[in-house]
Amino acid sequence: MSGGPQRLPFTVPPLIFSALRLVRRLQCQDGDVVGEEVPATPKQIFQLLNQTIDALSSVSSPELALRLYLQCAEAAGACDLEPIAYEFFTQAFVLYEEEIADSKAQVTAIHLIIGTLQRMNVFGVENRDTLTHKATGYSAKLLKKPDQCRAVYACSHLFWVDDQDGIKDGERVLLCLKRALRIANAAQQMIAVTRGRSGPVTLFVEILNKYLYFFEKGNPQITTDAIGGLVELITTEMQSDSTTVASDAFFSSTVRYIQFQKEKGGALGEKYASIKV
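For the sequence shown, the residue numbers in my numbering are 2 to 278.
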């Protein structure tokens, strides 16, 4: 991989995506191979890609390398190559932990990891549990409390995936949301100490919307009492002088949505009927 640190970030990605296109072509082949040469297998190509991406991390391009590792992990998953997909994820986590130091880059990276893992259904229970545990752990260790909160509640989607019947763990979804709520409360307290007043309630409203999402998806752990209690908490917080136009509008829009679902009727309307707003 010659070319130096200036050239590799521009030359490696096209090579990676060309190789991934080749993998897809090989996956679509049905029947005997024509000609004397036996083509490379997807497994062999992925092994080469792992070595190629590693060259990027050695020339101070860890964020790009992490993105490419995740692309390859998703492609390996589509080929039903669980061990290889897991290895790519492992490399991505190693890069995150050892090479990505900037706090903003960490936020972007952890959301990329969460989003990619959410879309994948190749992993068995043990491997998926290991990866989701790492993702939630790193989410809670981000530098800023608001970033922690948003990453942790994003992790709730790792435990409830619509197109995967085996991944509907309502209890772990609730644990993520409760953890995010505790972090949001800690963020409020920190602002109150430093500024003498509480901060905007945006994080609480974002979490409320996650509660509503999983409530509609049929998660039995998300109850009307929990939603009503969160609405009451936000209403209390907004009675202070710390509300902003944006947070006020966000909460008002969410309340209108709840009221609309109540009035619309039907099965969903019946579920919303007992929520007090």
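In this text, a Cβ means the ideal position worked out from N, Cα and C, and glycines have one as well.
Fair warning: this is a prediction, and the values are worked out from it, not measured in the lab.
Coarse secondary structure for residue i, derived from DSSP in three states
i: Lys-218; result: coil
i: Lys-211; result: helix
i: Lys-277; result: coil
i: Lys-286; result: Outside the shown range of the chain (2 to 278) lies residue 286, about which nothing can therefore be said.
i: Phe-261; result: helix
i: Gly-266; result: coil
Straight-line Cα distance separating residue j from residue i
i: Tyr-139; j: Leu-178; result: 16 angstroms
i: Gln-28; j: Pro-43; result: 8 angstroms
i: Thr-53; j: Met-121; result: 23 angstroms
i: Leu-23; j: Arg-173; result: 38 angstroms
i: Arg-26; j: Asp-81; result: 15 angstroms
i: Gln-240; j: Leu-143; result: 30 angstroms
i: Lys-145; j: Arg-183; result: 14 angstroms
i: Arg-8; j: Arg-68; result: 18 angstroms
i: Glu-99; j: Thr-137; result: 17 angstroms
i: Val-126; j: Phe-90; result: 15 angstroms
i: Tyr-97; j: Lys-105; result: 12 angstroms
i: Lys-218; j: Lys-135; result: 25 angstroms
i: Asp-164; j: Val-13; result: 33 angstroms
i: Ser-253; j: Ala-41; result: 58 angstroms
i: Asp-103; j: Gly-266; result: 49 angstroms
i: Ile-171; j: Thr-236; result: According to the sequence displayed, residue 171 carries Gly and not Ile. Roughly 26 angstroms between the two C-alpha positions.
i: Gly-167; j: Thr-195; result: 45 angstroms
Beta-carbon contacts of residue i that lie in its chain and below 8 angstroms, excluding the five residues immediately before and after
i: Ala-274; result: Lys-263
i: Asn-128; result: Glu-83 and Tyr-87
Residues near residue i in its chain [Cβ-Cβ closer than 6 angstroms; skip 5 each side]
i: Ile-85; result: Phe-47 and Ala-77
i: Lys-11; result: Checking the sequence shown, residue 11 turns out to be Phe, not Lys. For Phe-11, where only same-chain residues beyond five positions count, there are no Cβ hits under 6 angstroms.
i: Ala-181; result: Cys-150, Val-153, Tyr-154 and Ile-208
i: Ala-20; result: Ile-46 and Leu-50
i: Lys-169; result: Trp-161
Supposed contact pair residue j and residue i - C-beta distance, whole angstroms, cut 8 angstroms
i: Glu-155; j: Ile-115; result: Correcting the residue type first, residue 155 is Ala in the shown sequence and not Glu. About 5 angstroms separates the two Cβ atoms, so the contact holds.
i: Glu-83; j: Val-108; result: Going by Cβ atoms, the distance from Glu-83 to Val-108 rounds to 28 angstroms, so no, they are not a contact pair.
i: Ile-276; j: Ile-228; result: 5 angstroms
Same chain only: Cβ atoms within 7 angstroms of residue i, ignoring 5 sequence neighbours per side
i: Thr-117; result: Leu-71, Ala-74 and Glu-75
i: Val-278; result: Val-232, Val-256, Ile-259 and Gln-260
i: Pro-147; result: Ala-188 and Leu-204
i: His-112; result: Ala-152 and Ala-155
i: Asn-1; result: The first residue shown for the chain is 2 and the last is 278, placing residue 1 beyond what the model contains.
i: Leu-1; result: A question about residue 1 goes unanswered here, because the residues of the chain that appear run from 2 up to 278.
Residue from the options with nearest C-alpha to residue i
i: Pro-63; options: Arg-180, Ile-192, Leu-143 and Pro-6; result: Pro-6
i: Ala-66; options: Val-194, Phe-18, Glu-207 and Phe-205; result: Phe-18
i: Ala-110; options: Glu-127, Gly-125 and Gln-92; result: Gln-92
i: Phe-251; options: Gly-270, Ser-104, Glu-99 and Thr-203; result: Thr-203
i: Asp-226; options: Leu-213, Thr-237, Glu-238 and Lys-218; result: Leu-213
i: Val-95; options: Leu-132, Lys-105, Gly-219 and Ala-188; result: Leu-132
i: Leu-234; options: Gly-266, Ala-185, Gln-45 and Leu-50; result: Ala-185
i: Gly-270; options: Phe-216, Ile-168, Ala-247 and Pro-14; result: Phe-216
i: Leu-57; options: Met-191, Pro-15, Gln-189 and Ala-141; result: Pro-15
i: Ile-101; options: Thr-236, Tyr-87, Asp-170 and Val-60; result: Val-60
i: Lys-272; options: Pro-221, Leu-175, Thr-237 and Asp-103; result: Pro-221
i: Ala-201; options: Thr-245, Gly-125, Asp-170 and Glu-127; result: Residue identity check: residue 201 is Pro in the sequence provided, not Ala. Here the closest residue by C-alpha is Thr-245.
i: Gln-119; options: His-134, Trp-161, Arg-8 and Leu-175; result: Trp-161
i: Ala-247; options: Asp-163, Thr-137, Ile-276 and Val-206; result: Val-206
i: Ala-141; options: Leu-176, Gly-267, Asn-128 and Thr-236; result: Leu-176
Residue i CB to nearest heavy atom of the ligand ADP below 8 angstroms
i: Ser-104; result: Annotation note on the ligand ADP: not contained in the displayed structure, which lists no ligands.
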